[in-house]
Amino acid sequence: MNHEIDFYDPDFLDKLKDLHIVTRKLFQGRFKGKRRSLKRGLSLEFADYRKYSPGDDFRFVDWNILARLKKIMVRSFWDESNINIILFIDVSKSMCFGDLSKSIYARKVAACLSSVALENHDSVGICLFSDGIARAISPVHGSNNLLKIFAILNSIKTDGKTNIHLSISQYIKTIKDKGIAVVISDLFDSDGYKKSFAELINKGFEVNVIHLKSGNVDYDKISHNVCLEDSETGEYLHADLDSDQVIDEEKKYCNEIRMYCLSNQIAYFPVETSYPFDKFVLDYFKYHITAG
Amino acid sequence: MDFISPVNFLFLVLLIPVIFLFFLKLPLPKIKVDSIFIFKKYLKREKLNYGGWGSGSKKWILFFVQVLVVITLVAGLVHPLLKRGCGKNVLLIIDTTASMSISYKNETRLSSAKKKALEYVNFIDSGTKISVAEFNGFYKIIQPLTDNKNLAKHSIDQIIPTGFSGDFDKLMKSIYLQTDMDIVIFTDNIPNSVKQKYKNIHYEIFNGSDGNIAITNLYVKRDSPAGKTEIEVTVETDMKTLNIIQVDLLYAGTIARSSNVSFGSDKQRTLIFELLPEKQNLVGEVRIINKDALEFDNRAYFKFDYEIPVVLKCESKEITKAVIACDNVKVVKRTPEKTDLVVTYGLPMNQLSINVLSIYPVENHVNFVSTEEGVSKKRIEIVYQAHPILENINFSGIDRLYPANITLPEKAIVLVKEGNIPLIIAGENNSGKIVVLNFDPVKSGFYKRISFPILIANIIEWLREDSNRIVNTEDLRNSVFYRKTDFPDIYGLNGEKIYVNLLDRAESITKNEKKSERIGIKRKKNIDLTHIFVITGFVLMLAESILFYHGKKK
Numbered sequence: 000m001n002h003e004i005d006f007y008d009p010d011f012l013d014k015l016k017d018l019h020i021v022t023r024k025l026f027q028g029r030f031k032g033k034r035r036s037l038k039r040g041l042s043l044e045f046a047d048y049r050k051y052s053p054g055d056d057f058r059f060v061d062w063n064i065l066a067r068l069k070k071i072m073v074r075s076f077w078d079e080s081n082i083n084i085i086l087f088i089d090v091s092k093s094m095c096f097g098d099l100s101k102s103i104y105a106r107k108v109a110a111c112l113s114s115v116a117l118e119n120h121d122s123v124g125i126c127l128f129s130d131g132i133a134r135a136i137s138p139v140h141g142s143n144n145l146l147k148i149f150a151i152l153n154s155i156k157t158d159g160k161t162n163i164h165l166s167i168s169q170y171i172k173t174i175k176d177k178g179i180a181v182v183i184s185d186l187f188d189s190d191g192y193k194k195s196f197a198e199l200i201n202k203g204f205e206v207n208v209i210h211l212k213s214g215n216v217d218y219d220k221i222s223h224n225v226c227l228e229d230s231e232t233g234e235y236l237h238a239d240l241d242s243d244q245v246i247d248e249e250k251k252y253c254n255e256i257r258m259y260c261l262s263n264q265i266a267y268f269p270v271e272t273s274y275p276f277d278k279f280v281l282d283y284f285k286y287h288i289t290a291g
Numbered sequence: 000m001d002f003i004s005p006v007n008f009l010f011l012v013l014l015i016p017v018i019f020l021f022f023l024k025l026p027l028p029k030i031k032v033d034s035i036f037i038f039k040k041y042l043k044r045e046k047l048n049y050g051g052w053g054s055g056s057k058k059w060i061l062f063f064v065q066v067l068v069v070i071t072l073v074a075g076l077v078h079p080l081l082k083r084g085c086g087k088n089v090l091l092i093i094d095t096t097a098s099m100s101i102s103y104k105n106e107t108r109l110s111s112a113k114k115k116a117l118e119y120v121n122f123i124d125s126g127t128k129i130s131v132a133e134f135n136g137f138y139k140i141i142q143p144l145t146d147n148k149n150l151a152k153h154s155i156d157q158i159i160p161t162g163f164s165g166d167f168d169k170l171m172k173s174i175y176l177q178t179d180m181d182i183v184i185f186t187d188n189i190p191n192s193v194k195q196k197y198k199n200i201h202y203e204i205f206n207g208s209d210g211n212i213a214i215t216n217l218y219v220k221r222d223s224p225a226g227k228t229e230i231e232v233t234v235e236t237d238m239k240t241l242n243i244i245q246v247d248l249l250y251a252g253t254i255a256r257s258s259n260v261s262f263g264s265d266k267q268r269t270l271i272f273e274l275l276p277e278k279q280n281l282v283g284e285v286r287i288i289n290k291d292a293l294e295f296d297n298r299a300y301f302k303f304d305y306e307i308p309v310v311l312k313c314e315s316k317e318i319t320k321a322v323i324a325c326d327n328v329k330v331v332k333r334t335p336e337k338t339d340l341v342v343t344y345g346l347p348m349n350q351l352s353i354n355v356l357s358i359y360p361v362e363n364h365v366n367f368v369s370t371e372e373g374v375s376k377k378r379i380e381i382v383y384q385a386h387p388i389l390e391n392i393n394f395s396g397i398d399r400l401y402p403a404n405i406t407l408p409e410k411a412i413v414l415v416k417e418g419n420i421p422l423i424i425a426g427e428n429n430s431g432k433i434v435v436l437n438f439d440p441v442k443s444g445f446y447k448r449i450s451f452p453i454l455i456a457n458i459i460e461w462l463r464e465d466s467n468r469i470v471n472t473e474d475l476r477n478s479v480f481y482r483k484t485d486f487p488d489i490y491g492l493n494g495e496k497i498y499v500n501l502l503d504r505a506e507s508i509t510k511n512e513k514k515s516e517r518i519g520i521k522r523k524k525n526i527d528l529t530h531i532f533v534i535t536g537f538v539l540m541l542a543e544s545i546l547f548y549h550g551k552k553k
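Chains V and W, in that order, are what the protein sequence lines are.
Under numbering that gives the first Met the number 0, read the first sequence as residues 0 to 291, first letter to last.
Under numbering that gives the first Met the number 0, read the second sequence as residues 0 to 553, first letter to last.
Take a look at the structure:
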């Protein structure tokens, strides 16, 4: 399913101008950016003093210390670089279920994050996945790539089942630099999500999970004997169910993810597609500001 | 399996609404969800099966249980009876000795034996294994045990006469020792001694024998040493004691030559008849008459000086149950061969003390040139319907009774006749009563299971009043001949009892069918499956209810 989305709402883009993604950890980017790097460099932010050694630039000699202590000390500064923001977007068939499609919601969120990231000189990589990598681009930087990313997001076709781990592990093998990994998915993976998140953490990524939930399932209809059709697999399930119990089960599943994320320092953002998109984006960035 | 009330199968139409209603309610409401992941997770956590038992399949199982309930209850309603057949092994031995090549009515004895054997194979219930052997001095199995009737029939068809002769007694003994199978022997020579010794050996009697005496060879010598045309007749007997027979050569029913033969200790005698010069065309017949039956101690043997209890006699025409037991009949003296006679068939002598008389043509004729045969079908007429002998006797639907020409005894009246020939005669004179059955109950289509025993009971009832009186009859020896009728496989005379039970359908078949008391068919009690089916039906119904309630609860 493919819906063209207009990502150029000027009012909304205006709101995003002053935002940026905050990370808890420091990452070493490949390009110059606005973030403090792990390396020493030539930024304005003072890092430390060290003894002069031949070949050092005289411009960084602290003459006041030389006058007071008779020691030649050189000032070092933090370097500034960008970071990689990798967006893992679930494009399995379950993502396009219902009127309030999770896929559209995911694309909008991804577009916002990409926009903010590129605006802040960060690199953005995109991995569209279902039961494997559907499409992927390596991290790109520069505002001029925004259109390219928008085009990719607009070309998303939902198909296949969800296999998060396979796709993520394949993708992260192709990139060298660490950064923020944002997984946007409904997390309906029968193999589980933990393995993939653990692998991201082990690789040094800071993981954000945006758990999209559909507001389209009418649980009131589910009472006793029903035949449920899986939009993703086409599988039928004849079951004798109670809607309240299923809702409880869904809550339990979310709580389980939340607890796992909490214990692994993963930022977890559950959201229903009926929730206004712009509010969610702003909430997301607020969280980052507070967390930062 | 039989069904007492097969009409109740109509209740199977109840299946139609069951199926219809099932398919009406089968389609479940379909709800499309983004993923059934959560639902599966829930079911897994609750340890509920999905996709199999407990969901859609349970519906089908419930449906099948419902169908089974209907079927089992209907099966109960039709009252199924499981007929328990036999699982016995039967050895068919066909005599292929020289005597079996002799023709009788354009058919050799071997052909008759084969025909009988094939009939027998057809008659055997499935499940009985058959082995076929031929006997010509020693017996040779030509078909090992098989339950394939076609194989057995094929083996029987392949049998040809060998021309040898053999000791039948030895054969019997060897077979008896070697096998525990039921044995059926198709032969022209019936050794009664063996029959008594080995109880599980049965004999099929066919033409050319009266049970003890048989013409085993018949040879026409056109150029005898005397230069005349002669007929050589070989007669064999298996009797151990003195046996006198009369061998007659007849032309057009007239005795041309007659000779009495005494066997003594020998079992075989050969007689030579010189043909009359004017009878060279050899149209005629040879017959043997067992003179023992005619002359041997007849008075003592058949004297009724004891009580004959007739246990039950039908008193109305609406017969519900008739049992005739003659098991208390005691014979004062037996015939030399000591065969068991149950109901007495008589000896037509002057001054008989016997009351029941059975008369029909002698069977042990051997034609050496074809003769006309058959009796034209004539209407059976009941002349004296009110006679007590004919009470509850049914003659309707009987094709032929094969009566013989008979001279009507003095003071006797005809009760039943076919054309002008009397079939049943009853009469009294100064000294006693007489009943003559002028037909062969065995050969005829007379109803042997019900009418025949009732007839005998009626006769005994009627005769017993004057059982001690002497009846004088004229000498019938030139026109009537006698033989025994104790064929246990035909009309149920077995041991010393006659049973007729009309409540048991299988035992009350009034047609001339050879069903009971046959080898290899061990009649066991039928099992009524009604209760089993009904109980199963209710158990299934209960199971269905529990399943349904369980499903609702979930």
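Every residue, glycine too, gets a C-beta built ideally from N, C-alpha and C.
- Residues of chain W with a Cβ closer than 8 Å to the Cβ of D185 (chain V) are, in chain order, D33, S34.
- Around the beta-carbon of L20 (chain W), fewer than 16 other beta-carbon atoms lie within 10 Å, marking it exposed.
- In the structure shown, N254 (chain V) adopts helical secondary structure according to DSSP, grouped into three states.
- Between L72 (chain W) and V533 (chain W) a beta carbon distance of about 7 Å is seen, short of the 8 Å cut, so the two are scored as contacting.
- Listed by position along chain W, the residues whose Cβ is nearer than 9 Å to that of E228 (chain V) are K29, I30, K31, V32, I35.
- Look at the beta carbons and you see the segment 198–207 of chain V touching the segment 265–274 of chain V: at least three pairs across the two are nearer than 8 Å.
- Where P9 (chain V) is concerned, the enclosing alpha helix (DSSP H) starts and stops at 9–16.
- C-alpha of K107 (chain V) to C-alpha of S142 (chain V): approximately 17 Å in a straight line.
- Closest by C-alpha distance to F438 (chain W), out of W:K416, W:I458, W:G426, is W:K416.
- Under the Cβ criterion of 8 Å, F63 (chain W) is not counted among the residues facing chain V.
- In chain W, no part has a C-beta under 7 Å from the C-beta of Y267 (chain V); the shortest such distance is about 17 Å.
- Boundaries of the beta strand (DSSP E) harbouring I84 (chain V): 83–89, taken from the DSSP string.
- Taking the CA atoms as reference points, A238 (chain V) sits about 29 Å from M258 (chain V).
- With respect to the 8 Å criterion, I179 (chain V) and F87 (chain V) are not classified as neighbours on the basis of their beta carbons.
- The beta-carbon separation of S114 (chain V) and H140 (chain V), rounded to 13 Å, does not stay under the 8 Å limit for a contact.
- Cβ contact annotation for E543 (chain W) (same chain, cutoff 7 Å, sequence separation greater than five): L61, V64, Q65, V68, in chain order.
- Per DSSP, D176 (chain V) lies in no beta strand (DSSP E) segment and is marked neither H nor E.
- Interface residue (Cβ-Cβ distance to chain W less than 8 Å): S189 (chain V) is classified as such.
- Bounds of the beta strand (DSSP E) holding K128 (chain W) are 128–134.
- The segment 240–258 of chain V makes no contact with the segment 62–82 of chain V, as fewer than three CB pairs between them are under 8 Å.
- The Cβ atoms of L227 (chain V) and I531 (chain W) lie no closer than 8 Å to each other.
- Around S137 (chain V), the same chain offers G124, T173, I174 as residues with beta carbons nearer than 8 Å, after the five sequence neighbours per side are excluded.
- The shortest C-alpha to C-alpha distance from Y41 (chain W) to any of V:E248, V:S102, V:L211, V:P53 is the one to V:E248.
- With respect to chain W, the C-beta atom of S122 (chain V) has no partner C-beta closer than 8 Å.
- Within chain W, the residues whose beta carbon sits less than 8 Å from that of G97 (chain V) are D33, listed in sequence order.
- Cα atoms of H386 (chain W) and L414 (chain W): separation of roughly 7 Å, rounded to the nearest angstrom.
- In the structure shown, A46 (chain V) adopts extended strand secondary structure according to DSSP, grouped into three states.
- Within the segment 141–181 of chain V, no run of beta strand (DSSP E) reaches 3 residues while sitting entirely inside it.
- Beta-bridge pairing by DSSP links Y138 (chain W) to W:F134.
- C-alpha of V382 (chain W) to C-alpha of I455 (chain W): approximately 19 Å in a straight line.
- Counting only the Cα atoms, L15 (chain V) lies some 8 Å from L281 (chain V).
- Y252 (chain V) reaches chain W at I37, K40, counting residues in chain order whose Cβ is nearer than 8 Å.
- Under the three-state reduction of DSSP, F547 (chain W) is assigned to helix.
- In this structure, the alpha-carbon of D277 (chain V) lies about 20 Å from that of A150 (chain V).
- Rounded to whole angstroms, P143 (chain W) and K266 (chain W) show a C-alpha spacing of 34 Å.
- Using a Cβ-Cβ cut-off of 7 Å, S213 (chain V) is close to D33 of chain W, given in chain order.
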